[in-house]
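Q: My structure is below; once you've seen it, I'll send some questions.
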Ligand code: SAH
């Protein structure tokens, strides 16, 4: 018997409401409270972002390989970072560093008016572009660039989310935050900590240490 793969369904039962419902229940149990974030996660089919062979695991709370030594983030961390970034408010202009396969980007497209996302590995930009087109995320623009530099021409951003671990706080990203804006970023090499940085005024920032996380490293340059 031939199994036909449609553009939004792969495998059997992957898209079933029960499978996705279980993921949402788990996220609530893990402490995610923002209903807008939970709805955004519910609306984005995670299985289309991973290879067919892995799609059986797409709704488990794990990161999975996407090629080029990179991973798709765990649903919990996507939800958690989105919740921190949003802080209960509709977002206007958001910048993501580290598009990968575009899963977090797709979630952000439901939470912000405009989303810009930058990735340093060209084939991943192409991959993400395909996924976001398939999901009709029309408010997203992707770029192939070194995200350490941000996107100065499009700044300021009211939210910046970095989905790879930086060895230090990137000054360019701090400069590109709007006043009142929020940067969510993992920092560290051996031990990585998730930080929230709020820009209080032109010169003042408030930094909050949140929790231990595990991300691939934020590298320099493009490839
Ligand atoms: N946001 C993704 C996470 C992808 S993993 C998701 O939702 O699953 C992190 C990504 O950051 C990788 O694809 C990696 O190539 C990218 N990355 C690492 N350093 C970068 C840099 N300096 N600029 C842009 N992207 C970078």
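In our numbering, the protein residues as written are 9 to 231. Quick reminder that beta carbons are idealized off the backbone N, C-alpha and C, glycines included.
May I have a chain-ordered list of the alpha helix (DSSP H) segments no shorter than 4 residues that lie completely inside the region 25 to 102?
A: Whole alpha helix (DSSP H) segments, 4+ residues: 25 to 37, 43 to 51, 83 to 94.
Q: Taking only three categories from DSSP, how would you classify residue 218?
A: Three-state result, residue 218: strand.
Q: Examine chain C for any beta-carbon lying closer than 8 Å to the beta-carbon of residue 107, and answer yes or no.
A: In the displayed structure, chain C is absent; only one protein chain is listed.
Q: Please name the residue or residues paired with residue 205 in a DSSP beta bridge.
A: DSSP, once it has assigned bridges, lists 191, 215 as partnering residue 205.
Q: Are the beta-carbon atoms belonging to residue 93 and residue 205 less than 8 Å from one another?
A: No; because the gap between Cβ atoms is not below 8 Å, this pair is not in contact.
Q: If distances are taken between C-alpha atoms only, which option among 32, 189, 223 comes closest to residue 201?
A: Among 32, 189, 223, the Cα nearest to that of residue 201 belongs to 223.
Q: Residue ranges of each alpha helix (DSSP H) run of no fewer than 4 residues wholly in the region 140 to 169, ordered along the chain?
A: Counting whole runs of 4 or more residues, the region 140 to 169 contains no alpha helix (DSSP H) stretch at all.
Q: For residue 136, which of helix, strand or coil comes out of DSSP?
A: If DSSP states are grouped into helix, strand and coil, residue 136 belongs with the helices.
Q: Can the beta-carbon of residue 45 be found closer than 8 Å to that of residue 91?
A: Closer than 8 Å, so yes.
Q: Hey, could you find the ends of the beta strand (DSSP E) residue 231 is sitting in?
A: It is not in any beta strand (DSSP E) - residue 231 carries neither H nor E in the DSSP assignment.
Q: Considering residue 117, what are the terminal residues of the alpha helix (DSSP H) in which it resides?
A: 111 to 117 is the extent of the alpha helix (DSSP H) around residue 117.
Q: Return the bridge partner residues of residue 185 from the DSSP annotation.
A: Paired residues: 165.
Q: Counting C-beta neighbours from all protein chains within 10 Å, is the total for residue 61 16 or more, i.e. buried, or is it exposed?
A: Exposed, because fewer than 16 other Cβ atoms sit within 10 Å of the Cβ of residue 61.
Q: In whole angstroms, what separates the C-alpha of residue 58 from that of residue 119?
A: C-alpha separation (whole angstroms): 22 Å.
Q: Output the distance between the C-alpha atoms of residue 149 and residue 125, rounded to the nearest integer angstrom.
A: Their Cα atoms are separated by approximately 6 Å.
Q: Buried or exposed: where does residue 38 fall if 16 or more other Cβ atoms within 10 Å of its Cβ makes it buried?
A: It is exposed - the Cβ of residue 38 has fewer than 16 other Cβ atoms within 10 Å.
Q: In angstroms, rounded to a whole number, what distance separates the CA positions of residue 159 and residue 134?
A: Residue 159 and residue 134: Cα-Cα distance of roughly 19 Å.
Q: Let me know the secondary structure DSSP gives residue 234 once reduced to three states.
A: The structure shown does not extend to residue 234, since the chain is modelled only from 9 to 231, so the question has no answer here.
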